[in-house]
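Its first residue numbered 6, the sequence shown is counted upward by one per residue in the working numbering. In what follows, a structure is listed as structure tokens, so that the remarks can point back to it.
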Amino acid sequence: MAISVKNMSEVFGKDVFTNKGVFCGRVSDLDVNLSKFRINSLVVETGRGSFLSDMIGSKKGVIIPYTLVVNIGDVVIIKHIAPTIPTESETIPETAELPTIA
């Protein structure tokens, strides 16, 4: 999507929802490739109780690649993302055996 300064300034502060209607936060910043006049990613400030804050905890902002953006209008719509659940082989054991010194 080619951008203009007017288009970019209108994106700031817009609410961000997934395509399943789940609130994620508000756009607080943009990563822009000025040589190609393209948006690389959005920085979304997560709000309390939002989908992203539940997923990542108390981080201030989440970088959303522009490839996940479905539409920008009155609100920003992104593709729904689900947290990955680690498989049993990927989990780290809570207690590890310490090597014995002979």
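Beta carbons are placed, not taken as given, at the ideal position from N, Cα and C, and that holds for glycine. None of the values given here were measured: they were computed from a predicted structure.
Between Ile83 and Lys25, what straight-line distance do the alpha-carbon atoms span, to the nearest angstrom? In the sequence shown, counting from the first residue as 1, residue 83 sits at position 78. In the sequence shown, counting from the first residue as 1, residue 25 sits at position 20. So the two alpha carbons sit approximately 9 angstroms from each other.
Return the bridge partner residues of Gly66 from the DSSP annotation. For this step, residue 66 is matched to residue 61 along the sequence shown. DSSP, once it has assigned bridges, lists Glu50 as partnering Gly66.
Rounded distance between the beta-carbons of Val21 and Cys29, thought under 8 angstroms: As a position in the sequence shown, residue 29 is number 24, starting the count at 1. As a position in the sequence shown, residue 21 is number 16, starting the count at 1. The Cβ separation is near 4 angstroms, so the contact holds.
Tell me which residues share the same chain as Ser46 and place their Cβ nearer than 7 angstroms to its Cβ, disregarding the 5 neighbours each side in the sequence. Counting from 1 along the sequence shown, the entry for residue 46 is found at position 41. Answer for Ser46: Asp36, Ile68, Ile69, Pro70, Tyr71, listed in chain order.
Let me make sure I understand the geometry here. Which of Lys41, Leu73, Val81, Leu39 has the alpha-carbon closest to that of Ser33? Counting from 1 along the sequence shown, the entry for residue 33 is found at position 28. Considering only alpha carbons, the answer is Val81.
Secondary structure of Asn12, DSSP reduced to three states: Reading the sequence shown from its first residue, position 7 is the one you call residue 12. Helix, per DSSP.
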